[in-house]
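Okay, so here's the structure we're looking at.
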Amino acid sequence: MIIDVAVPVRVPRSFHYLIDPETAKTLSLGSLVKVSFRNRPTHAFVLGFPETTDVDQSKLKSVEGVIVASPLFDEKMLKFLTWVSEYYCHPLGEVIAAAIPKQSWTAPKRKPKEESRCVEGLIPVSANRHDLTEEQKIAVAKILDKSDKRPVLLHGVTGSGKTEVYMQVLDSVLQEGRGAIILVPEIALTPQLLGRFSDRFPGQVAILHSDLTPGERFAQWERLRHGTARVVVGARSAIFAPVKNLGLVVVDEEHESSFKQEDSLRYHARDIAIVRAGMEEAKVVLGSATPSLESYSNTLNGRYQYVTLKERVQKRALPTTTFVDLKDTTQLVSAEAPWLSIPLFEKIKKVLGDKQQVLLYLNRLGFAHFLFCHDCGHTWRCKNCDVALTYYRNPPSLRCHYCGAHKAPPSNCEACEGTSLESIGVGTEQVEKTLTELLPNARIARMDRSAIKNRKDLESLLNRIAHREVDIAIGTQMIAKGHDFPGIALVGVLLADASLNLPDFRAQERTFQIITQVSGRAGRAEIAGEVVIQTLNPEHPVLLAASQNRSDDFYKQELDLRKQFLFPPFQRLAM
């Protein structure tokens, strides 16, 4: 017999092999077999059993063995993976390989060892459930309306209870005997969201993201494939999870750029979530307090339903915002800390005196932007990427944030042998050091890629913040969105202009989103929230729109600009 297989190598087609008819009876679409390809042994995914072949059968090789007879994917999943392969111009064999854990190919007979800790997530500090607001009830009803099959954009202000809407919809989907995929953009958001879902739906939730060990990932994938778990919470790759009878796909924080896979198989998880949901007749919900311009535009042209949550739960007020103009140097605490104003520092001390928490946002890692020689002006750059190396003080190093290359800081200049070396700029490490000196009794923690090394570090810090064991949390985008910390009374945006000046047509959109998101971490419980935005441009329309929650005004303005210059969503850009 002839068997059609996809091999996980960079070739744009499938291949035919010969197989013994009796062996073929044990296989089906999605089985895994061993073949020789280019004179090397490899595994291959079974796509079918064609009756004829356009290749001389005498030249066909034979299948060398069966690795996994039970199907690793079904016809629905193959249709989806084929679409991904064709749309993103990537070989089908590699697409399938990206969707299935390697442990399925290498150790299929070994029973996966499940680690319960990675399934539970962070159990909520408070599991109290509140009655749905009228807006939430309307949102749930619209999402569950089977007469409208369009994707739903759920546009809810920070703290409006979008997660509760997801869970109410999921409850109905599970009662119908169907499963769900819940996508989140960052691993940093996974423990908290997973904790809420596993608390509400015990024993039914699996987790998938890149920070799991291979064994953990295989165990979670197997739970989904065999139907013992019907819900998966995970980062972008979870869109390929083998959820049985898919009925719901949620893309939380749908605007986030981290839903894009940027190497090997390149895809956008938000976009293919909509495709997979359409193929399986599942409902798809895109949730955000700051939707992407592409999604917002799709509500205007009627491709998506538009559902809004304009109020926070329990009628809680949105935080009040004040601006500090950093051009006025008389407002600075000291010349050595040009990122800390007196108004913000006084508010920090007051909040700490009231036994509440502070969150400070700065999207810059390290101690300083770069190191330079005061004698000749030389700066240290990455030999791979030709970008300035970020200076770290603890432990001392110069690091490239593109390729990860690092080296010890020099004691003298490599260009002129001078010894007058200085650092320029500010990063989260410097903020932590300065505040530790100014507020020696405060419990200060830093949440960024250099401080958080693994999942254990992340879960530990999130737990400490949630249980109010941290007074001041300093962080990059990792801390700025999605988290629900009831004790945060004050948010400080240290340098709001940094992202506005990036050479990217999405710079204004991303600045609006991050300012809105980080501001939304304040005042999420009984305490009132306050936000201080330090900036060189306090009258900038993007900052004003974000601080006043005028999202519709911002979107209309930005769409007008994009249309004039023929940028997405009015044109497509391809590389």
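Position 186, counted from 1, in the sequence shown is what my numbering calls 434; the numbers after and before it change by one each time, with no gaps.
Yeah, the Cβ is synthetic: ideal placement off N, Cα and C, and Gly gets one too.
(message) Just to confirm, is the Cβ distance from G296 to D268 under 8 Å?
(response) Taking the sequence shown and counting its residues from 1, the one referred to as residue 296 is at position 48. Taking the sequence shown and counting its residues from 1, the one referred to as residue 268 is at position 20. Cβ distance not < 8 Å, so G296 and D268 don't count as in contact.
(request) Return the chain-ordered list of same chain residues with a C-beta closer than 6 Å to the C-beta of K390, the five sequence neighbours on each side being excluded. (result) Here residue 390 corresponds to residue number 142 of the sequence shown, with the count starting at 1. Same-chain partners within the cutoff: V555.
(request) Ignore the nearest five residues each way along the sequence and tell me which others in V314's own chain have a CB closer than 6 Å to its CB. (result) In the sequence shown, counting from the first residue as 1, residue 314 sits at position 66. Taken in chain order, the residues that qualify are V281.
(request) Compute the beta-carbon to beta-carbon distance between E662 and H622, rounded to the nearest angstrom, for a pair I have assumed lies under 8 Å. (result) Mapped onto the sequence shown, residue 662 falls at position 414. Mapped onto the sequence shown, residue 622 falls at position 374. 14 Å between Cβ atoms; not a contact.
(request) Over the uninterrupted alpha helix (DSSP H) stretch that includes V561, give me the two end residues. (result) Residue mapping note: residue 561 aligns to position 313 of the sequence shown, counting from 1. Premise fails: V561 is in no alpha helix (DSSP H) and is neither H nor E.
(request) For D696, count neighbouring C-beta atoms within 10 Å of its own C-beta (all shown protein chains included) and say buried if the count is 16 or more, exposed if not. (result) On the sequence shown, position 448 is the one that residue 696 refers to. By the neighbour-count rule (16 or more Cβ atoms within 10 Å), D696 is buried.
(message) Quick check on this structure: which residue in R261, L380, V311, L748 has the alpha carbon closest to the alpha carbon of I344?
(response) Here residue 344 corresponds to residue number 96 of the sequence shown, with the count starting at 1. Comparing Cα positions, the closest option is R261.
(message) Just to confirm my understanding: we take E528, look at its own chain, exclude 5 residues before and 5 after, and list those with CB closer than 7 Å. What are they?
(response) Taking the first residue of the sequence shown as position 1, residue 528 is located at position 280. Hits under 7 Å: K324, L494.
(request) Give every residue of the same chain whose Cβ lies closer than 6 Å to the Cβ of L574, excluding the five residues on either side of it in the sequence, and list them in chain order. (result) Along the sequence shown, one-based indexing puts residue 574 at 326. Within the same chain, L574 has close Cβ partners Q782, L784.
(request) Pick helix, strand or coil for M823, following the three-state DSSP scheme. (result) As a first step, residue 823 must be located in the sequence shown, where it is residue number 575. Coil, per DSSP.
(message) Taking the alpha-carbon of G777 as reference, which of G526, L738, Q761, D800 has the nearest alpha-carbon?
(response) To locate residue 777, count along the sequence shown from 1; it is residue 529. Comparing Cα positions, the closest option is L738.
(request) Less than 8 Å between the CB atoms is what I'm expecting for V491 and I430, so what's the real figure, rounded? (result) Sequence index remark: in the sequence shown, residue 491 carries index 243 (1-based). Sequence index remark: in the sequence shown, residue 430 carries index 182 (1-based). Contact flag wrong, Cβ pair sits at about 10 Å.
(message) Counting C-beta neighbours from all protein chains within 10 Å, is the total for F753 16 or more, i.e. buried, or is it exposed?
(response) The residue you call residue 753 lines up with position 505 of the sequence shown. By the neighbour-count rule (16 or more Cβ atoms within 10 Å), F753 is not buried but exposed.
(message) Suppose contacts are defined by Cβ-Cβ distances below 8 Å. Is V674 in contact with R612 by that definition?
(response) In the sequence shown, residue 674 corresponds to position 426, counting from 1. In the sequence shown, residue 612 corresponds to position 364, counting from 1. Contact: yes.
(request) Pull up the distance between the alpha-carbon of S543 and that of S284, whole angstroms please. (result) Taking the first residue of the sequence shown as 1, we reach residue 543 at position 295. Taking the first residue of the sequence shown as 1, we reach residue 284 at position 36. Cα to Cα, S543 sits roughly 45 Å from S284.
(message) Check this for me: beta carbons of V405 and L607, under 8 Å apart or not?
(response) In the sequence shown, counting from the first residue as 1, residue 405 sits at position 157. In the sequence shown, counting from the first residue as 1, residue 607 sits at position 359. Result no, Cβ atoms of V405 and L607 do not sit closer than 8 Å.
(request) With DSSP as the reference, label I781 as helix, strand or coil. (result) For the purposes of this step, residue 781 is taken as residue 533 along the sequence shown, with counting starting at 1. I781: strand per DSSP, three-state reduction.
(request) Classify M249 as helix, strand or coil using the three-state DSSP reduction. (result) The residue you call residue 249 lines up with position 1 of the sequence shown. Three-state DSSP puts M249 in coil, outside helix and strand.
(request) For V553, name the three-state secondary structure that DSSP assigns. (result) On the sequence shown, residue 553 is found 305 positions in, with the first residue counted as 1. Here residue 553 is Gln; the residue named in the question, Val, does not match the sequence. Strand.
(request) In angstroms with no decimal places, state the Cα-to-Cα distance between S364 and L472. (result) By one-based count along the sequence shown, residue 364 stands at place 116. By one-based count along the sequence shown, residue 472 stands at place 224. With a pLDDT of 43 at S364, under the threshold of 50, the predicted position of this residue should be treated as unreliable, and no value is reported.
(message) Let me check one thing: in DSSP terms, what residues is E670 bridge-paired to?
(response) Taking the first residue of the sequence shown as 1, we reach residue 670 at position 422. For E670, which the question treats as bridged, DSSP gives the partners F620.
(request) Would you decide whether D719 is buried or exposed? Buried here means 16 or more other CB atoms lie within 10 Å of its CB. (result) For the purposes of this step, residue 719 is taken as residue 471 along the sequence shown, with counting starting at 1. With 16 or more other Cβ atoms within 10 Å, it is buried.
(request) Tell me where the beta strand (DSSP E) around Q605 begins and ends. (result) Residue mapping note: residue 605 aligns to position 357 of the sequence shown, counting from 1. Counting along the chain, the beta strand (DSSP E) containing Q605 begins and ends at 605-609.
(message) Please state the DSSP three-state secondary structure of Q509.
(response) Your numbering for residue 509 matches position 261 in the sequence shown. Q509 falls in the strand class under three-state DSSP.
(request) Within the stretch 417-466, note down every full beta strand (DSSP E) run reaching 3 residues or more, in order along the chain. (result) 427-431, 453-456
(message) For the pair the stretch 647-658 and the stretch 583-601, tell me if three or more CB-CB distances fall below 8 Å.
(response) no
(request) Under 8 Å by Cβ, that's how I've got H503 and S536 pegged, so tell me the actual separation to the nearest angstrom. (result) Stepping through the sequence shown from its first residue, residue 503 is reached at position 255. Stepping through the sequence shown from its first residue, residue 536 is reached at position 288. Confirmed, about 5 Å.
(request) To the nearest angstrom, report how far apart V581 and F571 are at their CA atoms. (result) As a first step, residue 581 is located in the sequence shown; it is residue number 333 there, counting from the start. As a first step, residue 571 is located in the sequence shown; it is residue number 323 there, counting from the start. Taking the straight line from one Cα to the other gives about 16 Å.
(request) Pick helix, strand or coil for T724, following the three-state DSSP scheme. (result) Residue numbering aside, residue 724 sits at position 476 when the sequence shown is read from its first letter. Note: T724 maps to coil in three-state DSSP.
(message) Check for me: the beta strand (DSSP E) holding G601 runs from which residue to which?
(response) In the sequence shown, counting from the first residue as 1, residue 601 sits at position 353. Where G601 is concerned, there is no enclosing beta strand (DSSP E), although the alpha helix (DSSP H) it sits in stretches over 590-601.
(request) Look at G475 and Y609 and say whether their C-beta atoms are less than 8 Å apart. (result) Counting from 1 along the sequence shown, the entry for residue 475 is found at position 227. Counting from 1 along the sequence shown, the entry for residue 609 is found at position 361. Result no, Cβ atoms of G475 and Y609 do not sit closer than 8 Å.
(message) Measuring straight from C-alpha to C-alpha, what distance separates P816 and R810?
(response) Taking the sequence shown and counting its residues from 1, one reaches residue 816 at position 568. Taking the sequence shown and counting its residues from 1, one reaches residue 810 at position 562. Whole-angstrom Cα-Cα distance: 7 Å.
(request) Indicate the three-state DSSP secondary structure (helix, strand or coil) for L646 in the structure shown. (result) Taking the sequence shown and counting its residues from 1, the one referred to as residue 646 is at position 398. If DSSP states are grouped into helix, strand and coil, L646 belongs with the strands.
(request) Please confirm whether L441 and S485 have their CB atoms less than 8 Å apart. (result) Walking along the sequence shown from the start, residue 441 turns up at place 193. Walking along the sequence shown from the start, residue 485 turns up at place 237. Not closer than 8 Å, so no.
(request) Let me know the secondary structure DSSP gives A583 once reduced to three states. (result) By one-based count along the sequence shown, residue 583 stands at place 335. The answer is coil: DSSP assigns A583 none of H, G, I, E or B.
(request) For Q812, count neighbouring Cβ atoms within 10 angstroms of its own Cβ and tell me buried if that reaches 16, exposed if not. (result) To locate residue 812, count along the sequence shown from 1; it is residue 564. Q812 comes out exposed.
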